[in-house]
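To start, the structure under review is shown below, and the notes come after it.
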Amino acid sequence: MIYLPKLRQPIVVVLGHVDHGKTTLLDKIRGTAMVKKEPGEMTQEVGASFVPTSVISKIAEPLKNIIPIKLEIPGLLFIDTPGHELFSNLRRRGGSVADIAILVVDIMEGFQKQTYESIEILKERKVPFLVAANKIDRIPGWKPNENEPFLFSLQKQSPAVQKKLDELVYNIVIQLASENFNADRFDRIRDFTKYVAIVPVSGKTGEGIPELLAILAGLTQRYMQGKLKFVEGPAKGVVLEVKEDPGIGHTIDVIIYDGILHKNDTIILGGLNGIIVTKVRGILLPAPLQDMRLAKTGYRSVDEVSAAAGVKISAPNLEEALAGSPLYVAENESKIDEYKKLIEEELSKIRFAKDVKGIVVKADSLGVLESIVTALEKRGIPVRLADIGPITKRDIVEAELAGKEEEEYGVIAAFRVKPIGNLDTSKVKIIYNDIIYQLIDEVEKYINDVRERKKRRTYDSLILPGKIKILPGFVFRRSDPVIVGVEVEGGIIKPKFPLIKDDGRKVGEILQIQDNKKSLDKATKGMEVAISIKGNVMVGRQINEGDILYTDVPKEDLEILVNNYKDTITDDMKEVIQEIIKIKRVEDPLYGLGIKL
Numbered sequence: 001m002i003y004l005p006k007l008r009q010p011i012v013v014v015l016g017h018v019d020h021g022k023t024t025l026l027d028k029i030r031g032t033a034m035v036k037k038e039p040g041e042m043t044q045e046v047g048a049s050f051v052p053t054s055v056i057s058k059i060a061e062p063l064k065n066i067i068p069i070k071l072e073i074p075g076l077l078f079i080d081t082p083g084h085e086l087f088s089n090l091r092r093r094g095g096s097v098a099d100i101a102i103l104v105v106d107i108m109e110g111f112q113k114q115t116y117e118s119i120e121i122l123k124e125r126k127v128p129f130l131v132a133a134n135k136i137d138r139i140p141g142w143k144p145n146e147n148e149p150f151l152f153s154l155q156k157q158s159p160a161v162q163k164k165l166d167e168l169v170y171n172i173v174i175q176l177a178s179e180n181f182n183a184d185r186f187d188r189i190r191d192f193t194k195y196v197a198i199v200p201v202s203g204k205t206g207e208g209i210p211e212l213l214a215i216l217a218g219l220t221q222r223y224m225q226g227k228l229k230f231v232e233g234p235a236k237g238v239v240l241e242v243k244e245d246p247g248i249g250h251t252i253d254v255i256i257y258d259g260i261l262h263k264n265d266t267i268i269l270g271g272l273n274g275i276i277v278t279k280v281r282g283i284l285l286p287a288p289l290q291d292m293r294l295a296k297t298g299y300r301s302v303d304e305v306s307a308a309a310g311v312k313i314s315a316p317n318l319e320e321a322l323a324g325s326p327l328y329v330a331e332n333e334s335k336i337d338e339y340k341k342l343i344e345e346e347l348s349k350i351r352f353a354k355d356v357k358g359i360v361v362k363a364d365s366l367g368v369l370e371s372i373v374t375a376l377e378k379r380g381i382p383v384r385l386a387d388i389g390p391i392t393k394r395d396i397v398e399a400e401l402a403g404k405e406e407e408e409y410g411v412i413a414a415f416r417v418k419p420i421g422n423l424d425t426s427k428v429k430i431i432y433n434d435i436i437y438q439l440i441d442e443v444e445k446y447i448n449d450v451r452e453r454k455k456r457r458t459y460d461s462l463i464l465p466g467k468i469k470i471l472p473g474f475v476f477r478r479s480d481p482v483i484v485g486v487e488v489e490g491g492i493i494k495p496k497f498p499l500i501k502d503d504g505r506k507v508g509e510i511l512q513i514q515d516n517k518k519s520l521d522k523a524t525k526g527m528e529v530a531i532s533i534k535g536n537v538m539v540g541r542q543i544n545e546g547d548i549l550y551t552d553v554p555k556e557d558l559e560i561l562v563n564n565y566k567d568t569i570t571d572d573m574k575e576v577i578q579e580i581i582k583i584k585r586v587e588d589p590l591y592g593l594g595i596k597l
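The UniProt record's numbering puts the last residue of the sequence shown at 597; the count rises by one with no breaks.
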């Protein structure tokens, strides 16, 4: 007789771009499950809905000949609150608490920004996933068949609609390929370990829900037995959210992913100002079948709960608990110290202050903070300080210091946090957003804008290479300031640029440039203009009609121009640079050394 280990239910998360139907799909799964359940079967847990195997089997019943599967898992535990932020908090050492994810994609729109962000987080946390290609009911000409399996509903559609569906699914296949995933429609896959399954569904009509549940259950059972083995030991979990509940005080919503939690257990978790060690006063669950997002009261108390489960824990000293923190049950004193050290190590990787040039990041939870810092660093934006909680004076001081070192880094990226009290924030830029990818986009744009501004400011302050010829017959004033007509033979001239002769001798500085009595801020190759030159200079002595003059470009300015603004150097300017280097090297043999045009 083959012994099958006792398995816990897999933890399923739902991710995807805003408005692609994550919540509608979850509600449909819960609603369909509610209809098919026996009394007392379907349970609500904090932040989660448990759909038992018997319900999954009933929903998938019509598919038994197509997807033959004998379920050994107790059911599926869906994390009820979809979104990157809460998924980010489902973190554990080396990965995620989630066993599998549903990536919801609007079949009509395909991948959007948050879809790609979801995939990045799934890759980082090593979470396998399948794609729910949602909103098939919006395909032009689609005839809905309430709650039917997708494969049955598809047969009732016209050939044109079937063709359109294939095109839309193929579009998702291509987009997944760009992220290095092989994918196909679920019914065309033979090896689910090598392909991402795409399940066409409608969160509105319920079509495709039977296949989605059957494949989720089958995949987790078949490929995750090792991970799903039930462990009868002290509980391990992760803090999903920290709340203040009327009449109860501060509580934490926790997903228990391993072991058993008892009332009066000693729990260890991360806090805003250090590790919290406290005793479980109460384990609370909402009243049966109540939607957690609406449940404000009506909790029932239980004495213990086994993984996997979502629970609300009441205990002393939870007001500073950190969302996203690991939670461990310690059975003795030595375990308390061991777990404290483990949590401290983990938190120090996420909450840090480094002596580097970079920005400040503040967020309301550990998982989100970690996701933001990872995403910023992938875009080449360094982080100097990363922490949880409201913006403090210390954060502002750090951002000010960063801004003094590099102007573009005087930024605080704030996710769902605000400054404490009346802090002076005038010297730093605070960028607020409660969507991760938008916050990162805004920070990147601000940094690039400041860099561009700096670049322009620096470029505008450079003395640029220029070459002019004094036109014979166009001397309007012979002595200081000399006024002559010139032709620009290469490069650029501007007021305040110093001039030298072709033997390196200094002539003076351009005071003004005029064309038809209009003042100009610059003149470029081919232009004929009048210029005034201030200095100890006179036509007929220091300079003559027909002379060639050059701008006197300092060595540092030439290096900055070539190293930082190469794209502004025109072909005629290159020639002028080479001539200026020859002139200047007579006095300074190192002038222009290493310059590559």
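Note that CB positions come from ideal geometry on N, CA and C, so glycine has one too.
Would residue i and residue j qualify as a contact pair, given that the criterion is a beta-carbon distance under 7 Å?
{"i": "Leu285", "j": "Arg300", "result": "yes"}
{"i": "Leu26", "j": "Val13", "result": "no"}
{"i": "Val254", "j": "Ile283", "result": "no"}
{"i": "Glu440", "j": "Ala414", "result": "It should be noted that the sequence gives Ile, not Glu, for residue 440. Result no, Cβ atoms of Ile440 and Ala414 do not sit closer than 7 Å."}
{"i": "Ile468", "j": "Phe497", "result": "no"}
{"i": "Phe111", "j": "Gln175", "result": "yes"}
{"i": "Leu347", "j": "Ile252", "result": "no"}
{"i": "Lys362", "j": "Glu400", "result": "no"}
{"i": "Ser96", "j": "Val46", "result": "no"}
{"i": "Asp258", "j": "Thr205", "result": "no"}
{"i": "Pro419", "j": "Ile391", "result": "yes"}
{"i": "Arg351", "j": "Asp387", "result": "yes"}
{"i": "Ala217", "j": "Leu71", "result": "yes"}
{"i": "Ile11", "j": "Leu77", "result": "yes"}
Can you give me the C-alpha to C-alpha distance between residue i and residue j, rounded to a whole angstrom?
{"i": "Asp552", "j": "Gly358", "result": "37 Å"}
{"i": "Ser158", "j": "Leu151", "result": "14 Å"}
{"i": "Phe87", "j": "Ile100", "result": "11 Å"}
{"i": "Ala330", "j": "Gly237", "result": "12 Å"}
{"i": "Ile483", "j": "Phe476", "result": "5 Å"}
{"i": "Glu117", "j": "Ser178", "result": "14 Å"}
{"i": "His17", "j": "Lys123", "result": "16 Å"}
{"i": "Asp106", "j": "Lys555", "result": "58 Å"}
{"i": "Val488", "j": "Gly526", "result": "5 Å"}
{"i": "residue 620", "j": "Ala315", "result": "In this structure the chain extends from 1 to 597, so residue 620 is not present and cannot be described."}
{"i": "Leu294", "j": "Gly249", "result": "Its pLDDT being 46, under 50, Leu294 is placed unreliably in this model, and the value from its coordinates should be taken loosely. About 18 Å."}
Spatial neighbours of residue i within its chain, please: CB distance less than 6 Å, with the 5 preceding and 5 following residues excluded, ordered by chain position.
{"i": "Met573", "result": "Pro465 and Gly491"}
{"i": "Tyr459", "result": "Tyr565"}
{"i": "residue 600", "result": "Since the displayed the chain opens at 1 and closes at 597, residue 600 lies outside it and no answer follows."}
{"i": "Ile119", "result": "Glu179"}
{"i": "Val242", "result": "Ile252, Ala321 and Ala323"}
Drop a sphere of 10 angstroms on the beta-carbon of residue i, count the other beta-carbons inside from all chains shown, and report buried for 16 or more, exposed for fewer.
{"i": "Gln155", "result": "exposed"}
{"i": "Ser479", "result": "exposed"}
{"i": "Ile91", "result": "Note on identity: in this sequence residue 91 is Arg, with Ile being the wrong assignment. Arg91 is buried by the Cβ-count criterion."}
{"i": "Ser325", "result": "buried"}
{"i": "Val373", "result": "buried"}
{"i": "Asn264", "result": "exposed"}
{"i": "Ser461", "result": "exposed"}
{"i": "Asp571", "result": "exposed"}
Please go through the same chain and pick out, in chain order, the residues whose beta-carbon is closer than 7 Å to the beta-carbon of residue i, but skip the five residues on each side of it.
{"i": "Ile381", "result": "Ile359, Val443, Glu444 and Ile447"}
{"i": "Ile189", "result": "Tyr195 and Ala197"}
{"i": "Glu398", "result": "Val360, Arg384 and Leu385"}
{"i": "Lys227", "result": "Asp99"}
Near residue i, which residues of its chain fall below 8 Å by C-beta distance, leaving aside the five closest residues on each side in sequence?
{"i": "Pro405", "result": "Pro is not the amino acid found at residue 405; the sequence shown has Glu there. So the qualifying residues of the chain are Lys357."}
{"i": "Ile513", "result": "Ile493, Lys494, Pro495, Ser519, Leu520, Asp521, Lys522, Ala523, Val529, Ala530 and Ile531"}
{"i": "Ile336", "result": "Thr266, Ile268, Val277 and Ala330"}
{"i": "Glu587", "result": "Gly504"}
{"i": "Ser334", "result": "none"}
Look up residue i in the DSSP assignment and say whether it is helix, strand or coil.
{"i": "Asp562", "result": "For the record, residue 562 in the displayed sequence is Val; it is not Asp. Here Val562 sits in helix by DSSP."}
{"i": "Ile436", "result": "helix"}
{"i": "Asn134", "result": "strand"}
{"i": "Lys501", "result": "strand"}
{"i": "Met538", "result": "strand"}
{"i": "Glu487", "result": "strand"}
{"i": "Ala214", "result": "helix"}
{"i": "Pro286", "result": "coil"}
{"i": "Glu579", "result": "helix"}
{"i": "Lys362", "result": "strand"}
{"i": "Arg190", "result": "coil"}
{"i": "Ile420", "result": "coil"}
{"i": "Ala323", "result": "coil"}
At a cut-off of 6 Å, is residue i close to the ligand FMN when judged by its beta-carbon and the heavy atoms of the ligand?
{"i": "Ala530", "result": "Although the ligand FMN was asked about, the structure shown includes no ligands whatsoever."}
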